[in-house]
Amino acid sequence: MPRKITFLLALIVTLALPLFMRSGSLASEVLIYALAALGCNLLLGYTGLLSFGQGIFFGLGSYTIAILLTRLQLPMPLALLAAIAMGAVGAAVVGWVAIRQRGTYFVMLTLAFAQMFYFVAYTASGLTGGDNGLLDVPRPAFMDTPWKYYAFVAVMFLIAFGLLLRVTDSIFGRTLLAIRDNEDRAAAVGYNLKRFKLLAFVISGAVTGLAGGLHAMMTGIAPLSNAEYHTSEMILVITVIGGTGNLFASVLGSAFYVLLADWLSTLWPRWLLLLGLLLIGVSIGMQRGLWGLGEAVWRRVFRKTPSVPAATEVQGEKA
Numbered sequence: 053m054p055r056k057i058t059f060l061l062a063l064i065v066t067l068a069l070p071l072f073m074r075s076g077s078l079a080s081e082v083l084i085y086a087l088a089a090l091g092c093n094l095l096l097g098y099t100g101l102l103s104f105g106q107g108i109f110f111g112l113g114s115y116t117i118a119i120l121l122t123r124l125q126l127p128m129p130l131a132l133l134a135a136i137a138m139g140a141v142g143a144a145v146v147g148w149v150a151i152r153q154r155g156t157y158f159v160m161l162t163l164a165f166a167q168m169f170y171f172v173a174y175t176a177s178g179l180t181g182g183d184n185g186l187l188d189v190p191r192p193a194f195m196d197t198p199w200k201y202y203a204f205v206a207v208m209f210l211i212a213f214g215l216l217l218r219v220t221d222s223i224f225g226r227t228l229l230a231i232r233d234n235e236d237r238a239a240a241v242g243y244n245l246k247r248f249k250l251l252a253f254v255i256s257g258a259v260t261g262l263a264g265g266l267h268a269m270m271t272g273i274a275p276l277s278n279a280e281y282h283t284s285e286m287i288l289v290i291t292v293i294g295g296t297g298n299l300f301a302s303v304l305g306s307a308f309y310v311l312l313a314d315w316l317s318t319l320w321p322r323w324l325l326l327l328g329l330l331l332i333g334v335s336i337g338m339q340r341g342l343w344g345l346g347e348a349v350w351r352r353v354f355r356k357t358p359s360v361p362a363a364t365e366v367q368g369e370k371a
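Residue numbers (my numbering): 53 to 371.
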């Protein structure tokens, strides 16, 4: 899909959410987790790296902006930039170690880093607040209502989305696709696989750190749950539901997961069981996610297979 059309679809979603949703906080949550899924999609969909370490970068963004706003009283723009930088630094550390392995060992390394980061955040209560997290994370006065804050999140989301579109549509992005499809062939051509994977990790961590910082300002708290490996699982699930290899699919996955979880939680206290059954159905019947389902419907409705010419049919009957 052309880059302009993809960006236009993302713009339509950001403009449509306030029209169809009553809660500004829930709308902001959709875009925040879409940001986190974008970072995960860059690794999984474009580089072929299944990472369980996304919660590290999300948690780093949350803790960084909370500490800078509550204890150092830095201006919000500087604190948000620091959250992005910390996400990128954390991703550089995790990626530098993890990319030295492939397959199952790579996944296990990212999972080990996620567990280690959680216990560090839990024990360093003087810095992170421990089990209580960091409370009373402020927002600027011009974002005092949920919908005003949504407008700010929407701007940040569109900027990040546009930049990631440029990244994936560049020579760098095409190289990541080559690495995903065939690492050995990409190495034989002369590409430095470790360098490209590490850069993908850094970009992914920066975007996820931005999402974590925005989430802390939205809720007013940087909780320990943002650093749990369950957060990594949720981001990964959102990415898979939407579909890998397409950035707008991450927006679809986030909207589907967040809104469905909010609705199911009002029906039954054990709503995670229903969500799990639904995810099983998605994994079995929609292996390319919601985006793949939309493509299949589009082809069937608007791109019908041309009928076989009559002369060809007659020749086939004679044969």
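Glycine included, C-beta positions come from ideal geometry on N, C-alpha and C.
In the structure shown, L186 falls within a strand segment according to DSSP collapsed to helix, strand and coil. Within its own chain, the residues whose Cβ lies closer than 7 Å to the Cβ of Q153, once the five positions on either side in sequence are excluded, are L161, listed in chain order.
For E347, the enclosing alpha helix (DSSP H) stretches over residues 341 to 354. Just so you know, the alpha carbons of S103 and A206 end up roughly 26 Å apart. Under the three-state reduction of DSSP output, A313 falls in the helix class. As DSSP reads the structure, I231 sits in no beta bridge. Just so you know, the alpha carbons of F158 and V149 end up roughly 9 Å apart.
Taken through DSSP and simplified to helix, strand or coil, I151 comes out as coil. Residue I290 holds the alpha-carbon nearest to the alpha-carbon of L331 among T99, I290, M269.
A straight-line Cα-Cα distance of about 19 Å links F204 and L216.
S302 is not a Cβ neighbour of G105, given a cutoff of 8 Å. Taking a C-beta distance under 8 Å as the contact criterion, P192 and M270 do not qualify as a contact pair. Annotation: Q125 is outside any alpha helix (DSSP H) and is labelled neither H nor E by DSSP.
A274 is bridged by DSSP to L186.
DSSP, reduced to helix, strand and coil, places G297 outside both helices and strands of the structure shown, so it counts as coil.
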